[in-house]
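Heads up, the thing below is written out as structure tokens.
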Amino acid sequence: MPQPPSAASRDEPVIRERGDACPGALRLHAADDGFLARVRLPGGLLTAAQASALALAADRFGDGHLELTSRGNVQLRGLADGCGAALAELLDGAGLLPAPSHERVRNIVATPMSGLAEPGGPDRPDALAWAMEFDRLLCAGPWTAALSGRFLFAFDDGRGDVASLGPDVTVLGRPGGRALVRLGRAADAVELAGPDAPRAALAAARYFLDTAAQAGTQAWRVSELPAEHPLETVEFARRLEADGIAAAPTAGAVDWPYAAPPRPWGRGRHDRSALCVLPPLGRLDSAQWRVLVQAAEEGGGRLRVTPWRSVVLPAAGARAAARIEDAGLVLTPDSPWQSVTACAGQPGCAKSLADVRADARAVVDRARGQLPVHWSGCERRCGHPRGTAWVDLVATGPGYRITAPGQPVRHDVRPPELAAALADARTDPDVVKK
27 MPQPPSAASR DEPVIRERGD ACPGALRLHA ADDGFLARVR LPGGLLTAAQ ASALALAADR
87 FGDGHLELTS RGNVQLRGLA DGCGAALAEL LDGAGLLPAP SHERVRNIVA TPMSGLAEPG
147 GPDRPDALAW AMEFDRLLCA GPWTAALSGR FLFAFDDGRG DVASLGPDVT VLGRPGGRAL
207 VRLGRAADAV ELAGPDAPRA ALAAARYFLD TAAQAGTQAW RVSELPAEHP LETVEFARRL
267 EADGIAAAPT AGAVDWPYAA PPRPWGRGRH DRSALCVLPP LGRLDSAQWR VLVQAAEEGG
327 GRLRVTPWRS VVLPAAGARA AARIEDAGLV LTPDSPWQSV TACAGQPGCA KSLADVRADA
387 RAVVDRARGQ LPVHWSGCER RCGHPRGTAW VDLVATGPGY RITAPGQPVR HDVRPPELAA
447 ALADARTDPD VVKK
């Protein structure tokens with residue numbers, strides 16, 4: 027599984043001369059295989075009807091596939107030139123574009139298992155309800171459109187799963203109906219009443235924009251602010267008090283929890299049990315996607331896309347698991363796909379030196395190991411997992427460069443040697459697992 031993120035910080039401030047070009051559902055990105063649209067799903071939440079609309083969009087305008095992203099969103103690829111208006115009309119009709127001026131800033135992740143029964147487990151707040159209320163507030167304020175398409179909000183029910191994704195603003199549930207709000211990677215936080223958490227997260231966004239304007243760096247994320255213009259917890263608490271939100275800084279550093287992402291699982295004890303479905307490499311064709319939609323329709327009518335490129339079905343019919351596995355999707359926690367990710371690679375990306383997805387599929391059964399692995403088609407290493415303990419494959423043209431914790435770098439490893447070299451890198455006995 028991916029490990030907790032490292033605490034590396036930026037040494038130099040970022041100064042940009044151009045705006046944020048992060049793609050959205052309205053601002054399409056020109057890729058090598060056509061245009062790309064990124065549909066943001068606050069909290070990863072979808073109704074079955076909305077999910078059906080995404081499948082229709084993939085078939086009507088794209089290459090018939092849907093990609094899950096590391097922020098719990100959905101991408102459509104291979105879009106035809108000139109389809110933007112019709113795509114926007116379809117998405118708007120499904121309720122997936124409630125605020126066109128804000129659609130790229132709705133970067134909101136939430137604990138995907140929040141609200142699902144944990145027999146004998148702790149009483150946790152509903153992080154998804156926080157996320158939905160925050161999305162309403164975010165889209166209602168015209169000033170929030172100034173946030174970049176990369177600024178990330180996380181609503182964690184207290185277990186520490188999405189809080190570990192390096193958010194710019196983190197809301198963490200606490201016992202007794204309380205919550206913590208953290209700015210960037212600060213060691214401390216402010217504590218407040220849980221119902222005030224969405225408003226406090228919005229105030230954190232305004233604090234960031236005010237500070238970025240004073241710094242004059244056009245920073246897109248909290249980590250990019252220069253050292254002389256930090257976000258300070260005491261000042262944030264003062265701002266919250268001015269907004270009528272009772273808040274106080276914590277007494278020193280907080281012991282931030284960490285929880286591993288949910289592993290795929292299938293058959294439960296009840297006719298309507300939750301499922302966690304893993305599409306290999308986070309990519310599904312529209313037929314596979316519609317299998318999930320049908321399972322959701324037979325259950326509670328909802329899907330939750332996670333930041334780990336999986337889909338949680340909070341309720342599904344008794345026969346859903348068999349249909350999902352028959353469609354080629356993963357429901358077993360020991361699947362070799364459980365910790366393998368990859369960038370788009372060829373033919374979708376002009377910069378890629380290899381078809382990384384095809385290469386990953388060719389060796390996945392023979393290259394199992396404890397460490398997660400990410401395949402990259404070029405040095406940009408798009409989509410790589412957060413943390414420090416994972417295996418990095420980067421296409422070099424002749425082969426792959428393999429970098430693993432505690433091992434010497436292997437250069438230009440060619441396809442016939444890939445499976446053995448990768449299996450060795452993923453099971454190095456000197457790696458201390460966290």
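According to this note's numbering, the sequence shown is numbered sequentially starting from 27. Ideal placement from N, C-alpha and C gives every residue a C-beta, glycine not left out.
- With a beta-carbon spacing of about 6 Å, V382 and A421 fall inside the 8 Å limit used to define contacts.
- Taking C-beta atoms as the reference points, A353 and V317 count as a pair closer than 7 Å.
- Counting other Cβ atoms within 10 Å of its Cβ, D161 reaches 16 or more and is therefore classed as buried.
- Linking A79 to A172 through their CA atoms gives a straight-line distance of about 29 Å.
- The residues T429, in chain order, have a CB closer than 6 Å to that of V435 in the same chain once the five nearest residues on each side in sequence are set aside.
- Pairing A348 with A279 gives a Cβ-Cβ distance that is not under 7 Å.
- Residue pairing of H91 in beta bridges, as defined by DSSP: D311.
- Rounded to the nearest angstrom, the gap between the Cα atoms of R264 and D107 is 49 Å.
- Across the structure, V337 and S140 are spaced so that their CA atoms are roughly 14 Å apart.
- Within the stretch 192-230, the runs of beta strand (DSSP E) that reach at least 3 residues and sit entirely inside it are, in chain order, 195-200, 204-209 and 216-219.
- Of the residues E351, E323 and P333, the one whose Cα lies closest to the Cα of L339 is E323.
- The stretch 224-307 contains, as complete beta strand (DSSP E) runs of 3+ residues, the segments 273-275 and 299-303 (chain order).
- Counting only residues of its own chain and dropping the five nearest sequence neighbours on each side, R335 has a CB closer than 8 Å to the CB of L94, T95, S96, L304, P305, L307, G308 and T367.
- Annotation: R328 is outside any alpha helix (DSSP H); the continuous beta strand (DSSP E) that includes it extends over R328 to V331.
- Counted as a single uninterrupted DSSP element, the stretch harbouring D152 is not any alpha helix (DSSP H), since DSSP gives it neither H nor E.
- Bridge pairing for L102: A63 and L92 [DSSP].
- Taking C-beta separations shorter than 8 Å and ignoring five residues to either side along the sequence, the partners of R204 in its chain run E217, L218, A219 and G220, following chain order.
- Rounded to the nearest whole angstrom, the CA to CA distance from T259 to A84 is 44 Å.
- Counting of Cβ neighbours within 10 angstroms places E115 among the exposed residues, the total staying below 16.
- Note that the C-beta distance between R247 and R176 is below 7 Å.
- For R383, the uninterrupted alpha helix (DSSP H) segment begins and ends at V382 to V389.
- Per DSSP, the continuous alpha helix (DSSP H) segment holding P442 begins and ends at P441 to R452.
- For D182, no alpha helix (DSSP H) segment is defined; the enclosing uninterrupted segment is the beta strand (DSSP E) at F179 to D182.
- Counting C-beta pairs with one atom in each stretch, the stretch 47-66 and the stretch 286-293 have fewer than three that are closer than 8 Å, which means they do not touch.
- Between the alpha carbons of S312 and V399 lies a gap of roughly 26 Å.
- For the options A268, P290 and V188, the alpha carbon positioned closest to that of W363 is the one of P290.
- W401 sits in a strand when the DSSP states are folded into three classes.
- Rounded to the nearest whole angstrom, the C-alpha separation of L178 and R86 is 31 Å.
- At a Cβ-Cβ threshold of 7 Å, A227 and V197 count as neighbours.
- Under the DSSP definition of a beta bridge, L71 partners with R330.
- The three-state secondary structure of R132, taken from DSSP, is coil.
- Around H437, the same chain offers R427 as residues with beta carbons nearer than 6 Å, after the five sequence neighbours per side are excluded.
- Selection P411, L105 and L82 evaluated against S402 yields P411 as nearest (Cα-Cα).
- Judged by DSSP in its simplified three-state form, T358 adopts coil rather than helix or strand.
- Just so you know, the alpha carbons of N133 and G70 end up roughly 10 Å apart.
- Taking a 10 Å sphere around the C-beta of R103, we find 16 or more other C-beta atoms and assign the residue as buried.
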